[in-house]
Amino acid sequence: MEFLRPAGWEEALAAKAEYPDAVPLAGGTDLMVELNFGHRRPERLLDLGRIAELKEWETDGDSVRLGAGVPYTRIMEGLRRELPGLALASHTVASPQIRHRGGVGGNLGTASPAGDAHPALLAAGAEVEAVSARGTRLIPIDDFYLGPKRNALAPDELIRAVRVRRADGPQQYAKVGTRNAMVIAVCAFGLALHPQTRSVRTGIGSAAPTPVRAREAEEFLGGVLEEERCWESGRVVPPAAARHFADLCAAACSPIDDVRGTAAYRRRAVGVLARRTLGWAWEEYRGSARATEGAA
Amino acid sequence: MSGLTDPRGTSGLTDPRGTSGVTGRRPAPVIPGVRSELGPPGPLAGLPTRFARRAGNAGGVGESVLRPDGVLKVTGEFAFSSDLWHEHMLWGHLLRSTVAHAEILSVDVSEALATPGVHAVLTYDDLPTEVRHYGLEIQDTPVLAHGRIRHHGEPIAAVAADHPEIARRAAAKIKVEYRELPLITDEASATAPDAVLIHEDRTDHHAPHVPHPNVVHRQPIVRGDVEEAAARADFVVRGEYEFGMQDQAFLGPESGMAVPAEDGGVDLYVATQWLHADLRQIAPVLGLPEDKVRMTLAGVGGAFGGREDLSMQIHACLLALRTGRPVKMVFNRYESFFGHVHRHPARLVYEHGATKDGKLTHVRARIVLDGGAYASSSPAVVGNAASLGVGPYEVDAVEVEALALYTNNPPCGAMRGFGAVQACFAYEAQMDRLADAVGMDRVEFRQRNAMTQGSVLPTGQVVDAPAPVAELLRRVKELPLPEERPWETGTGAVDVRALPGGLSNTSHGEGVVRGVGYAVGIKNVGFSEGFDDYSTARVRLEAAGGEAVASVHTAMAEVGQGGVTVHAQIARTELGVSQVTIHPADTRVGSAGSTSASRQTYVTGGAVKRACELVRERVLELGRARFGATRPGWPADGSPDELRLEGGEVVAADGTVLASLAEILGDEAVEVETEWRHRPTEPFHRHTGQGDGHVQYSFAAHRAVVDVDVELGLVKVVELACAQDVGKAVNPLAVVGQIQGGSTQGLGVALMEEIVVDRATGLVRNPSFTDYLIPTILDTPPMPVEVLELADDNAPYGLRGAGEAPTLSSTPAILAAVRAATGRDLRRAPVRPEHLTDG
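Chain order of the listed sequences is Y and W.
The first sequence maps to residues 42 to 337 in our numbering.
The second sequence maps to residues 212 to 1050 in our numbering.
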């Protein structure tokens, strides 16, 4: 195995251009497990550990450019206000040790439906900054996930950052696992209210071949909020509408039975999480939300 | 020390006599395998003050002396068996089967053998003698598969190479041709008339008595007239229960190193639970006399029963003898799931009856344990499940049948609780349901039927030591209950860490319902059914630097239970010295039996105590010979009982110091090696199960308080209180640690721990810590512990084996609490979120 260790970003892009089969190594929290289990034996690894700018973020007006290698710990600590959904998701990632190493670039690169960051990125409407020696393109998150562990990156591209609009409204994130910490998601749900565009976005993890949005649910709820003039009045979402929203979110899943849980349970749980997170986010929007200690 | 080095050159730890020269990577005083001094305990920094008590000789029995390996393990400095290193060593690796049941048509190792860096590839045909099988009770396990695969992950070939990755890749080049056979997965398929026999031509001593060759062993227990008693019952409850396959999940994977010796023998350094039982199984396969297989215990990272059976011992020795090089083997976590036996999954059917005033009339039970492909300790597990299957209750009419199957599932054997765990889960669920039927409080119903000292067990054995079952229940019930809705901070904010789901943020209080449950259990201590269960201890007393120092040498496997601490405490108490050296555990001293069955403090502790008493007698004889004539106060001949050994001196009853031990000993050393046995037991009658089969009983009761998110099926155990009688807390802090650890292992199987085997293929679906979940610290609740010390006069210091009882009742108490919260009739452990939300 060849171990490529570029000192800077340009060098990394050149290496990836020369060796498109080189597997990028960032925090290593997914890849090293694969290597240790012998599931993968790549010819080349491309270690991005020396590239400092990947571990930085910039805020510019109303958006955040989050370096692909910013560890979850720093997202939790530093971006709670700007990216509240992602910060909540970061809390649920594995253990403190893993959160010190892993970042969203790895989650996106692996593109597992169980990646903890995906539902938050979908709900926030992020863009993936994919860069190659040929240039830079911004891939909307909705177009990024192509299949189980398949994404829209070209072979010579690396993930430089994700660009996420600074939250313009409350965001929530919840994840179900069979124990109370350090667990791979049985299912997960992200929700973001976007008062500026008067829209609601969602993200569902571990309940379909890829991370998905519940578009029908979003449109239904958006319509109800508009019709009932809830955005202006801050009125309570009608309970029947919240229930229907939850049902539509559950219906957006196409889960499987596996060793972590059954398809039926996943669908049911996504519905419960959708109803609850909507309640919390809307309460916060109405200005009477209770703070959440311990979490983000 | 020849050739044994530290890879970083930092070790500096050697055996002063050069006989146990394996060193760890890092300095690690007082571990098995490294000789070191156990000095008197220093200040007990960081300990709850109630543990820091002293009496008699400092650092003696009854004190919370700190374990010498504790800090090292927490800081990562302890040298485990996987840290062993030898210059010029090779790495061993096993090729394991990828199918569960098949005929092996061919094994082609040529490509593997031709791989550069590979030194040996061994298959069944390369085994050096006619002894090619091993096993704890029945020698049915092939060292390497021969013609047939009986379970997923069975070893087929062993490879030795310069580097572990070379060994792994070479193993992957071995071509095995299988012809798959139909799977035996449960009782119906195992005992069908045309069932494939897992083991043909059985010759073991159980074989003539089993109802079907795919039944390893069957034990009935019959007492009283159940028909008549059932007719008297005002209430009868029947239930079927299922218990999943739990893994010991010890953190240090199977590992060790075999070093070939110039005399043709081999030195084996390994993490195990019983050196001498390993030795008896290893030597015949190697074709060596036992004295040419010299075993030393290496640092053990937990056991819980999973190291009773051999794992890599024989393979490493074979490869070392074949190559003439030291061979190290370390399983990774994936392989570890195939490298040891698990807890038997079980199906249990119970019928309980009671009169309307709440007295049990009868119990009928049928317990079917899945032993998997090889026998391991299944027969003894069956004996336990049967004889303890009714629980700590007085019942005059009992019909119990327990049996273990041979199937193509992973082999199952010893794990903490050993057959008593599965039964306790079922009978305690039954006790709740029966109490409800009678209309009595569940705890009161248990107390009304609780056994006491003098009660007769279903086996006819009289419980002749304290059995404070009702008192243990009273104690856990009277503990204050934890506060309700602990996530409410009072400021309107929510602390999600106090909720089911924790920081996964699944609830801010919605759907959360509290439940409380109780359970109590009974576990035997020591080996049962007539087994000659003894331990050996060698104790030496000599003067060094003007002070008497003791050394204790046993073959006891220190697997984390704290035995080395306890042995030093016993030596201090019995010999009145402060300096005690614990010699590495090895086979140069007689057997110490297994570190299992909650027996080590009782039996090897008993042997150390006895050896110390004999040393004391000789020292006093020596003292009388030296000073009896010149110093007043020595008893003329007999009655040495009046003399005490304290603070390194011989003290008369009136407090007069007669002599120091150092001056009595002078240049002489007093050394005694002795065997010690607990009182004998007898086998259970084959048809009635009657017999004084057990040595001692251990009792614990739990109260579990849970919060359940009933919409998501997520459970948070809020508190898990335990009361246990330990007879005598030889080391109170260690006792609390055992109780909390055992309770946590019971929590794990209540809520998450299960090896999942695919029914269609027989393959293990979750052999990793990603999908085999064990409780994290965030799943582990506060665990108040009430320790009773009612002495058992048959045991040293009155002690009672403590390690297993807390594992039993923890699981049913949590299940009872979850039932209370959800109103669901849960019949299976572990309970999963979908079980709490479906329908």
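From the three backbone atoms N, C-alpha and C, an ideal C-beta is built for every residue, glycine too.
Computed from a prediction, not measured in an experiment: that's the story for all the values here.
Alpha carbon to alpha carbon, how far is Pro622 of chain W from Met117 of chain Y? 45 Å
Which two residues bound the contiguous alpha helix (DSSP H) that contains Asn148 of chain Y? Counting along the chain, Asn148 of chain Y sits inside the alpha helix (DSSP H) bounded by residues 145-151.
Please name the residue in W:Glu682, W:Ala808, W:Leu710 whose C-alpha comes closest to that of Glu695 of chain W. W:Leu710
Under the three-state reduction of DSSP, which class applies to Asp647 of chain W: helix, strand or coil? helix
Test: Ala48 of chain Y CB closer than 8 Å to a CB of chain W: no
How is the alpha helix (DSSP H) around Ile1025 of chain W delimited, first residue to last? 1016-1033
For Lys190 of chain Y and chain W, any beta-carbon pair shorter than 8 Å? Not an interface residue.
Residues, ordered as in the chain, of the stretch 901-928 of chain W that lie near chain Y by beta-carbon distance below 8 Å: Glu922, Leu923, Gly924, Leu925, Lys927
Check the Cβ-Cβ distances between Val278 of chain Y and every residue of chain W, and say whether any is below 8 Å. At a cut-off of 8 Å between beta carbons, Val278 of chain Y makes no contact with chain W.
Compare the Cα-Cα distances from Ile139 of chain Y to each of Y:Ser295, Y:Gly244, Y:Ala67 and report the closest residue. Here the closest residue by C-alpha is Y:Ala67.
Any idea if Thr1048 of chain W is buried or exposed, counting beta-carbon neighbours within 10 angstroms, 16 or more meaning buried? Of the residues assessed, Thr1048 of chain W falls on the buried side of the cut-off, its CB having 16 or more other CB atoms within 10 angstroms.
Would you say Val967 of chain W lies against chain Y (beta-carbon separation less than 8 Å)? For Val967 of chain W, the answer is yes, since a Cβ of chain Y falls inside 8 Å of its Cβ.
Applying a beta-carbon distance threshold of less than 9 Å, which residues of chain Y neighbour Gly712 of chain W? Ala215, Lys216, Val217, Gly218, Asn221
Between the Cα of Met456 of chain W and those of W:Thr1033, W:Glu655, W:Pro1041, W:Ala864, spot the shortest distance and give me the residue it belongs to. Closest option to Met456 of chain W, Cα to Cα, is W:Pro1041.
Do we get a CB-CB distance below 8 Å when we pair Leu1037 of chain W with the residues of chain Y? For Leu1037 of chain W, the answer is no, since every Cβ of chain Y falls outside 8 Å of its Cβ.
Assuming Val777 of chain W contacts Thr812 of chain W (C-beta within less than 8 Å), just tell me the rounded distance between them. 5 Å
Taking 8 Å as the cut-off, decide whether the C-beta atoms of Ala730 of chain W and Ala1027 of chain W are in contact. yes
Along the chain, where does the beta strand (DSSP E) containing Glu175 of chain W start, and where does it finish? In the structure as shown, chain W starts at 212 and stops at 1050, and residue 175 of chain W therefore has no counterpart that could be examined.
Can you check DSSP and say which residues form a bridge with Glu453 of chain W? The partner list for Glu453 of chain W (beta bridge, DSSP) reads W:Arg558, W:Arg1039.
Three Cβ pairs or more, each shorter than 8 Å: is that satisfied between the stretch 316-325 of chain Y and the stretch 281-295 of chain Y? yes
When you compare the CB of Val224 of chain Y with every CB in chain B, is at least one pair closer than 8 Å? Checking the listed chains, one finds no chain B in this structure; the protein chains it contains are Y and W.
For the stretch 69-89 of chain Y, list every residue whose C-beta sits within 8 Å of some C-beta in chain W, in sequence order. Val74, Asn77, Phe78, Gly79
Straight-line Cα distance separating Pro537 of chain W from Ala164 of chain Y: 57 Å
Under the three-state DSSP convention, the category Glu355 of chain W falls into: Note that residue 355 of chain W is Leu in the sequence shown, not Glu. In the structure shown, Leu355 of chain W sits in coil (DSSP, three-state: anything other than H, G, I, E or B).
For Asn735 of chain W, list the residues DSSP reports as bridge partners. Asn735 of chain W pairs with W:Tyr908.
CA-CA distance, Gly756 of chain W and Glu879 of chain W? 13 Å
Segment limits, beta strand (DSSP E) that includes Ile200 of chain Y: 199-206
Suppose you measure from the CA of Asp183 of chain Y to the CA of Ser274 of chain Y; what does that come to, to the nearest Å? 31 Å
Could you tell me which residues DSSP pairs with Tyr745 of chain W in its beta bridges? Under DSSP, Tyr745 of chain W forms a beta bridge with W:Arg888.
What separation, rounded to the nearest whole angstrom, lies between the Cα atoms of Arg46 of chain Y and Pro978 of chain W? 33 Å
By the 7 Å beta-carbon criterion, what residues does the stretch 123-149 of chain Y contribute toward chain W? Leu129, His132, Thr133
Quick check: the Cα distance between Glu769 of chain W and Ala226 of chain Y, rounded to an integer number of angstroms? 38 Å
Let's see if you can read the secondary structure: which residues bound the alpha helix (DSSP H) around Cys528 of chain W? 524-534
Alpha helix (DSSP H) containing Leu129 of chain Y: first to last residue? 125-132
Interface partners of Arg317 of chain Y on chain W, CB under 8 Å: Thr717, Ser718, His719, Glu721
Pop quiz: Gly244 of chain Y and Pro160 of chain Y are said to be a contact at Cβ under 8 Å. What is the actual Cβ separation, rounded to whole angstroms? 3 Å
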